[in-house]
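Here the protein sequences come in this chain order: L and Z. Our numbering puts the first residue of the first sequence at 4, with every later residue one more than the last. Our numbering puts the first residue of the second sequence at 4, with every later residue one more than the last. Backbone N, C-alpha and C fix where the C-beta goes; we use that ideal spot for every residue, glycine too. For reference, the structure is listed below as structure tokens.
Protein chains: 2
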Amino acid sequence: MEELATQFKALSDPARLKILDFLLEPDRSRCTREEGVCACDVEGVLGLSQPTVSHHMKLLVQAGFVTAEKRGRWAFYTINPDAFRVLAGSLEKYHLAPVLAYCC
Amino acid sequence: MEELATQFKALSDPARLKILDFLLEPDRSRCTREEGVCACDVEGVLGLSQPTVSHHMKLLVQAGFVTAEKRGRWAFYTINPDAFRVLAGSLEKYHLAPVLAYCC
DNA sequence: GCAACATATTGACAAATTTCGATGCATCGA
DNA sequence: TCGATGCATCGAAATTTGTCAATATGTTGC
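Here it is as structure tokens:
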């Protein structure tokens, strides 16, 4: 319950949603490296300071939505689809089953 | 984008998640009325003050997750499954399609 | 009409969040 | 080895959020 709230909180900021969209479909002209999306790329896309980006990335990683891999001096980030799958699953009870309240 | 963030924010508090679970499967022994779940019932379940509950209900209604119907002096609340369906849909892109980043 | 009750709103306060500049820590290239 | 680069952390400021007491609004029953 607490953890679920934490996950939703990680998604409750427009900057972090922008980050996720960029990680999903990175505009390669905005990426400094061939190997993937690094923190400094995100900085450019969001127009936010480096510490702020670092903070947002930390929250996304802690919530499990993003995986960080440190290579050399760069940190490369990728979407973790499983976390979104699980989260979508935890929403199902609110819409999949017919809502049974006060009917049987 | 902003609106999506607002929706996630509405789900980012443990008290509000508890409210949703209670609305989904109300313990009828905790409901003062036969007709449904009213705000005062939620008060008892959460152990929060009446203004606080009113505030949480307002956020859930504004986000579209809960529908409020005022009847007499009571306000009855129900889950709105469609809102959850749409939200789950907006998560799909992060896990449904293969993540294409840097592969084509 | 009046008293009791359910809910909403207001005002206040503490805690959490977002943001940045400054600083520290690795790592790479020359 | 040294300077430059990328990222993390710290400390602080501004804003937002969660909570409650007090009050207001509206409805029911007598």
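How should residue i be labelled, buried or exposed, when 16 other C-beta atoms within 10 angstroms of its C-beta is the threshold for buried?
| i | result |
| --- | --- |
| L:Pro-29 | buried |
| Z:Leu-14 | buried |
| L:Gln-10 | buried |
| Z:Arg-31 | exposed |
| L:Leu-99 | exposed |
| Z:Met-4 | exposed |
Return the CA-CA distance between residue i and residue j, expressed in angstroms with no decimal places.
| i | j | result |
| --- | --- | --- |
| L:Thr-35 | Z:Gly-47 | 55 Å |
| L:Val-45 | Z:Gly-75 | 53 Å |
| L:Leu-26 | Z:Thr-55 | 38 Å |
| L:Asp-24 | L:Arg-88 | 16 Å |
| Z:Ala-91 | Z:Thr-70 | 18 Å |
| Z:Arg-33 | L:Glu-72 | 49 Å |
| Z:Lys-12 | Z:Ser-52 | 21 Å |
| L:Lys-96 | L:Ile-82 | 25 Å |
| L:Ala-66 | L:Ser-57 | 14 Å |
| L:Phe-68 | L:Ala-86 | 6 Å |
| Z:Leu-94 | Z:Ile-22 | 22 Å |
| L:Leu-20 | L:Pro-84 | 14 Å |
| L:Val-64 | Z:Pro-17 | 21 Å |
| L:Leu-62 | Z:Glu-6 | 20 Å |
Would you say residue i and residue j are within 9 Å of each other, going by their C-beta atoms?
| i | j | result |
| --- | --- | --- |
| L:Gly-39 | L:Tyr-80 | yes |
| L:Ala-8 | L:Ala-42 | no |
>> Any C-beta of chain Z within less than 9 Å: which residues of the segment 50-82 of chain L qualify?
In response: Phe-68, Thr-81, Ile-82
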